[in-house]
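*Asks:* For reference, the structure I am asking about is given below.
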Amino acid sequence: MTTTVTDNPDRSRFEITEDGELAGFAEYFRHENELAFIHTEIDPAFAGRGLAGVLARAALDAARERGADVLPYCPFIRGWLTKHPDYVDLVPQAQRTRFGL
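For reference, each letter of the sequence shown is one residue, going 1 to 101 in full-length UniProt numbering.
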């Protein structure tokens, strides 16, 4: 199986596909140099495969490559960050307490 994560800026979301079929997405709002993640969803037909974690990592890696600040309003992205402290630096220091990081 081939899993791919791509940014779809026209829909303001990162999308994850498996063998070309849309499996889920992480919606964001972009403002200047900030990416505010607001919702992550995996289609129930793809549940239990770890795709949400793959999606989160790829989206956050893309944010890092762009030098963007991350605001994790989405509970899944916020939870993923707490489990992967090496990504917490993407959230501005002044915002970390606000998100429980």
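C-beta: ideal position from N, C-alpha, C; glycine also.
Enumerate in chain order the residues of its own chain whose CB-to-CB distance from Arg64 is below 7 Å, with the five nearest sequence positions on each side excluded.
*Replies:* Excluding sequence neighbours, Arg64 sits near Leu90.
*Asks:* How close, in whole Å, do the beta carbons of Leu35 and Val70 come, if the pair is a contact with beta carbons under 8 Å?
*Replies:* Leu35 to Val70, Cβ: 6 Å. Contact.
*Asks:* Does DSSP put Thr6 in a helix, in a strand, or in coil?
*Replies:* If DSSP states are grouped into helix, strand and coil, Thr6 belongs with the strands.
*Asks:* Is Tyr87 helix, strand or coil when you go by DSSP?
*Replies:* The answer is helix: DSSP assigns Tyr87 an H, G or I state.
*Asks:* Assign Leu81 to buried or exposed, taking buried as 16 or more other Cβ atoms, counted over all protein chains shown, within 10 Å of its Cβ.
*Replies:* Its Cβ being crowded by 16 or more others within 10 Å, Leu81 is buried.
*Asks:* Among Leu55, Gly48 and Arg98, whose alpha-carbon lies nearest the alpha-carbon of Asn8?
*Replies:* Answer by Cα proximity: Leu55.
*Asks:* In the structure shown, what three-state DSSP assignment does Leu101 receive?
*Replies:* Residue state, collapsed to three classes: coil.
*Asks:* Since Leu51 and Ile42 should fall inside the 8 Å C-beta cutoff, what is the C-beta to C-beta distance between them, to a whole number of angstroms?
*Replies:* The pair is a contact, with the Cβ atoms about 5 Å apart (cut-off 8 Å).
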